[in-house]
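Participant:
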């Protein structure tokens, strides 16, 4: 009875995103998704552990795109290592993925529990990046400050990348945001 | 039947933290907490909406300690306004509160759902701080970069403040961390 459906995973994902966007994430069941592309609920669960996994799978690959670059980086200041990792990881989001990312983001923004999950994903990324810096001998608090600043740059840049009319690649936006971060933090006069 | 118990709220809070720490948050019921100080479960729920609220109440005052200072700040660069707000808000955590904060933190670290809530609290703070900067005419992405950097400085400093043997006040640590953040971000050479 267990047949392999060629392309089933991609069809299920596309159908899921469309239904999440049009009907709402909470209002869509796995059975709805499967039925909309002529597959069974059972087939859905062969490909995805649950409804959320359609949106959040690939988390390990996403984190590795950043963390592996930190581990493999040549000698450099902590923020230089982070900056190169963040800009390098933008390969993960090529321009063809922009429409998918816009749709995915709109689904996440519309649902508080998905939004929480996305925020926690960013925190997990910052923690793994800080650990990767410490493994290179970077002390605290420099490791956490550089890693969290890297996630700030990624998050701000990613949102800009998805904004209407934006023409630049994610890497270009990240380079500009890194320069903005330097200017912003430089302008902190001694605090009270 | 509804009597006002003098000091009940403080006694319930102290008992709750002790039980959360010794027995675990999930393993402690509101009835356990109330019984341990000779009060009824009903009294517990007159003071706290649920078990989590013992740990997370005061969120509005916490955020206001930062945001009100941003709104009231004199002219200054975005990061200067943020730095002064973060250091100023350290009043919220005076040294007498350190033991309470250490206990609270250990309870949160031991429980994934409490940890998530705490992380989301920090994101909410960053979003409110960015909005307060925009209300002063600060453009994006500068508002988000300054606000998120402020939360990074607060988070890193707060963790240091609670570490064993730390003698400095939270404000002193925050000033040092702000200087560290400036050094770290300055050292980002142009990215690939």
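Chains as they are written, first to last, in full-length UniProt numbering: chain A, 1 to 192; chain B, 1 to 192. Even glycine gets a Cβ: it sits at the ideal position worked out from N, Cα and C.
#1: According to a CB-to-CB cut-off of less than 9 Å, which residues of the segment 128–147 of chain A neighbour chain B?
#2: Could you work out which residue in A:129, A:93, A:153 and A:8 is closest to residue 46 (chain A) when comparing CA atoms only?
#3: Determine, using beta carbons only, whether residue 39 (chain A) comes closer than 8 Å to chain B.
#4: Please report the residue range of the alpha helix (DSSP H) in which residue 58 (chain B) lies.
#5: The alpha helix (DSSP H) spanning residue 186 (chain B) covers which residue range?
#6: Along chain A, in chain order, which residues have C-beta atoms closer than 9 Å to that of residue 156 (chain B)?
#7: Looking at the C-beta of residue 177 (chain A), does it have a partner C-beta in chain B at a distance below 8 Å?
#8: For residue 78 (chain B), go through chain A and note every residue whose CB falls closer than 8 Å to its CB, in chain order.
#9: What are the boundary residues of the alpha helix (DSSP H) that includes residue 149 (chain B)?
#10: For the alpha helix (DSSP H) containing residue 48 (chain B), list its first residue and its last residue.
#11: Scan the segment 73–106 of chain B for residues whose Cβ lies nearer than 7 Å to a Cβ of chain A and list them as they occur along the chain.
#12: Count the other CB atoms, across all protein chains shown, that sit within 10 Å of the CB of residue 198 (chain B); report buried if there are 16 or more and exposed otherwise.
#13: If the cut is a Cβ gap below 8 Å, which residues of chain A does residue 119 (chain B) touch?
#14: Express the C-alpha separation of residue 12 (chain A) and residue 203 (chain B) in angstroms, rounding to a whole number.
#15: Using the Cα positions of residue 94 (chain B) and residue 56 (chain B), report the straight-line distance between them to the nearest angstrom.
#16: Quick check on this structure: which residue in A:14, A:22 and A:152 has the alpha carbon closest to the alpha carbon of residue 125 (chain A)?
#17: Alpha helix (DSSP H) containing residue 167 (chain B): first to last residue?
#18: Label residue 100 (chain A) either buried or exposed according to how many other C-beta atoms from any shown protein chain fall within 10 Å of its C-beta, with 16 as the threshold for buried.
#19: Mapping the DSSP letters down to three states, classify residue 114 (chain B) as helix, strand or coil.
#20: Taking only heavy atoms of the ligand FAD into account, decide whether any of them is closer than 7 Å to the Cβ of residue 152 (chain B).
#21: Who are the near neighbours of residue 130 (chain B) in its chain, counting only those whose CB is closer than 6 Å to its CB and skipping five residues on each side?
#22: Measure how close the beta-carbons of residue 98 (chain A) and residue 108 (chain A) come, nearest whole angstrom, since I'm counting them as under 8 Å.
#23: Could you give the distance in angstroms between the alpha-carbon of residue 96 (chain B) and the alpha-carbon of residue 87 (chain B)?
#24: Can you tell me which of the three DSSP states residue 194 (chain A) falls into?
#25: Kindly list, in the order they appear in chain A, the residues whose Cβ is closer than 7 Å to that of residue 68 (chain B).
#26: Leaving out five residues on either side along the sequence, give the residues of the same chain with a beta carbon under 7 Å from the beta carbon of residue 41 (chain B).
#27: From residue 106 (chain B) to residue 117 (chain B), what distance separates their C-alpha atoms?
#28: Taking only beta-carbon positions, decide if residue 1 (chain B) is within less than 8 Å of chain A.
#29: Give the DSSP-derived three-state secondary structure of residue 88 (chain A) in the structure shown.
#30: For residue 16 (chain A), is the classification buried or exposed, using 16 other Cβ atoms within 10 angstroms of its Cβ as the cut-off for buried?
#31: Please list, in chain order, all residues of the same chain as residue 2 (chain B) whose beta carbon is under 7 Å from its beta carbon, the five residues on each side excluded.
#32: Using only the alpha-carbon positions, how far apart do residue 170 (chain A) and residue 127 (chain B) sit?
#33: Taking residue 172 (chain B) as the query, report the chain A residues whose CB atoms sit under 8 Å from its CB, ordered along the chain.
Facilitator: If we stick to the structure as given:
#1: Listed by position along the chain: 140, 141, 142, 144, 145 and 146.
#2: For residue 46 (chain A), the nearest C-alpha among the options comes from A:8.
#3: False, the Cβ-Cβ gap to chain B never drops below 8 Å.
#4: From DSSP, residue 58 (chain B) is part of no alpha helix (DSSP H); its letter is neither H nor E.
#5: Here the alpha helix (DSSP H) through residue 186 (chain B) covers 170–186.
#6: Those within 9 Å of residue 156 (chain B) in chain A are 140, 141, 144, 145 and 148.
#7: The beta carbon of residue 177 (chain A) sits closer than 8 Å to some beta carbon of chain B.
#8: Within chain A, the residues whose beta carbon sits less than 8 Å from that of residue 78 (chain B) are 184 and 187, listed in sequence order.
#9: Element bounds for residue 149 (chain B): 142–161.
#10: Per DSSP, residue 48 (chain B) is not a residue of any alpha helix (DSSP H), being assigned neither H nor E.
#11: Within the segment 73–106 of chain B, 77, 78, 79, 80, 83, 84, 87 and 88 place their CB atoms closer than 7 Å to a CB of chain A, listed in sequence order.
#12: Missing from the structure shown is residue 198 (chain B); chain B here goes from 1 to 192 and no further.
#13: Correct list: 119, 120 and 123.
#14: There is simply no residue 203 (chain B) to check, as chain B begins at 1 and stops at 192 in what is shown.
#15: Straight-line Cα distance between these residues: approximately 17 Å.
#16: Checked all of A:14, A:22 and A:152; the closest Cα to residue 125 (chain A) is A:152.
#17: Here residue 167 (chain B) belongs to no alpha helix (DSSP H), and DSSP marks it neither H nor E.
#18: With fewer than 16 Cβ atoms within 10 Å of its Cβ, residue 100 (chain A) is classed as exposed.
#19: Assignment of residue 114 (chain B) by DSSP, reduced to helix, strand and coil, places it in the helix class.
#20: Absence of the ligand FAD from the depicted structure is noted, as is the absence of any ligand whatsoever, leaving it without description.
#21: If we look at residue 130 (chain B) and ignore the five residues flanking it on each side, its Cβ neighbours are 143, 144 and 147.
#22: Between residue 98 (chain A) and residue 108 (chain A) the beta-carbon gap is near 15 Å, outside 8 Å, which marks them as no contact.
#23: The straight-line gap from Cα to Cα measures roughly 17 Å.
#24: With chain A covering 1 to 192 only, the question about residue 194 (chain A) has no answer from this structure.
#25: Result: empty, since nearest Cβ-Cβ is about 15 Å, beyond 7 Å.
#26: The answer, listed in chain order, is 30, 31 and 34.
#27: Taking the straight line joining both Cα atoms gives about 14 Å.
#28: The predicted model places residue 1 (chain B) with a pLDDT of 44, which falls under 50 and marks its position as unreliable, so this point remains unresolved.
#29: Residue state, collapsed to three classes: helix.
#30: So residue 16 (chain A) counts as buried.
#31: Because residue 2 (chain B) carries a pLDDT of 49, less than 50, the predicted location of this residue cannot be relied on, and the following value inherits that uncertainty. Nothing meets the Cβ criterion.
#32: Cα-Cα distance, rounded: 22 Å.
#33: The contacting residues do not exist; residue 172 (chain B) stays about 11 Å from chain A at best.
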